[in-house]
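For what it's worth, the working numbering labels the leading residue of the sequence shown as 89, then goes sequentially. For glycine and all other residues, C-beta sits at the position ideal for the given N, C-alpha and C.
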Amino acid sequence: MAGAVLAACLVGATCDNPNVFGPLTNRRISILVLNETPYRAIFTLGAYENLNENSVPEFVSFRLESAQSSAEETGTNGFQTETCRRAISLGGQQLLNLIDKNRRNFEDEGTTFDDEAMVAGVKFSDAPIGDPDEAVATVGTAEPITILNGIDYPCGSIVVFRLFEDADAPGGFRAAFEGTIN
């Protein structure tokens, strides 16, 4: 392994990339998603090892109601990893591929899937709960976002994403990394 790293450095690859060479710790990462739209957000959020094609991700799927949908809803939801991972993704294709690759093992462990939320990016719906279109992108979508440990967040932090309307974004919405709370 060290030889491969040295060879990569000699041919011009970056050897000071903290996502590749930074140590991971056993400190958990907490992830918070704020839905600032007036719509339900449907997505999958997870953490995984972006440098390992056999990584088994930690993930959860959401149908996150808007903060404006009712007095009881907060428009926020979260997820906590068991250990620090090198990548966190909100609807990223690599995350979805790793989930699909490990799906049988997850099902054997009793994991349930919301197949409507297993999509690249985020879907936004204004259909009422119980309606056949409640998980359909009736009002728009947001592009996926993936952030990296050592570059965007440290182990042991709270990572904050925000969902909001953006007329200039493809699909009319944006998922943004807001920062960390350490």
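Determine, using beta-carbon pairs with one atom in the segment 237–254 and one in the segment 169–185, whether at least three such pairs fall under 8 Å.
As far as the Cβ criterion goes, the segment 237–254 touches the segment 169–185, which means the pair count is three or higher.
Grab me the residues of Asn123's own chain with a C-beta within less than 6 Å of its C-beta, minus the 5 sequence neighbours each way, in chain order.
Counting only Cβ-Cβ distances below 6 Å, and skipping sequence neighbours, we find Ala129, Leu152, Ser154, Gly163, Leu251.
Of the choices Asn237, Leu236, Glu141, Thr125, whose alpha-carbon is the least far from that of Ile187?
Taking only the C-alpha atoms, the option nearest Ile187 is Glu141.
How many Å lie between Ile235 and Ile119 at the Cα?
Roughly 12 Å separates the two Cα atoms.
For Ser213 and Ala257, I'd like the C-alpha separation in whole angstroms.
Whole-angstrom Cα-Cα distance: 17 Å.
Comparing alpha-carbon positions, which option in Thr199, Asp219, Gly260 lies nearest Thr125?
It is Gly260 whose Cα lies nearest to the Cα of Thr125.
Could you give the first and the last residue of the continuous beta strand (DSSP E) run that contains Asn123?
Here the beta strand (DSSP E) through Asn123 covers 118–123.
For Ile269, which residues does DSSP report across the bridge?
Paired residue(s): Ile246.
What residue range is occupied by the uninterrupted alpha helix (DSSP H) comprising Leu183?
Segment 181–189, the alpha helix (DSSP H) holding Leu183.
Quick check on Arg262: buried or exposed, where buried means 16 or more other Cβ atoms within 10 Å of its Cβ?
Flag for Arg262 reads buried.
To which residues of the same chain is Ala215 closer than 7 Å at the C-beta, ignoring the five residues directly before and after it?
The residues are Asp221, Glu222, Val224, Thr226.
What are the boundary residues of the beta strand (DSSP E) that includes Thr136?
The sequence given here places Tyr at residue 136; Thr does not occur at that position. Note, Tyr136: beta strand (DSSP E), 128–136.
To the nearest angstrom, how far is it from the Cα of Ala264 to the Cα of Glu195?
Near 31 Å, if we compare the C-alpha coordinates of Glu195 and Ala264.
How is the beta strand (DSSP E) around Thr200 delimited, first residue to last?
Counting along the chain, Thr200 falls outside any beta strand (DSSP E), and DSSP gives it neither H nor E.
If you run the structure through DSSP and keep just helix, strand and coil, what is Ala257?
DSSP places Ala257 in coil when its eight states are reduced to three.
Taking the beta strand (DSSP E) that Gly209 belongs to, which residues open and close that run?
Segment: none, Gly209 is in no beta strand (DSSP E) and carries neither H nor E.
Given a cut-off of 9 Å on the beta-carbon distance, is the pair Phe131 and Gly198 in contact?
It is not a contact, given that the beta carbons lie outside the stated cut-off.
Given a cut-off of 9 Å, decide if Leu139 and Phe249 are closer than it, judged by their beta-carbon atoms.
Against a cut-off of 9 Å, the Cβ pair of Leu139 and Phe249 comes out as no contact.
Whose CA, out of Ala135, Tyr127, Ile176, lies closest to the CA of Ile217?
Ile217 has its Cα closest to that of Tyr127, out of Ala135, Tyr127, Ile176.
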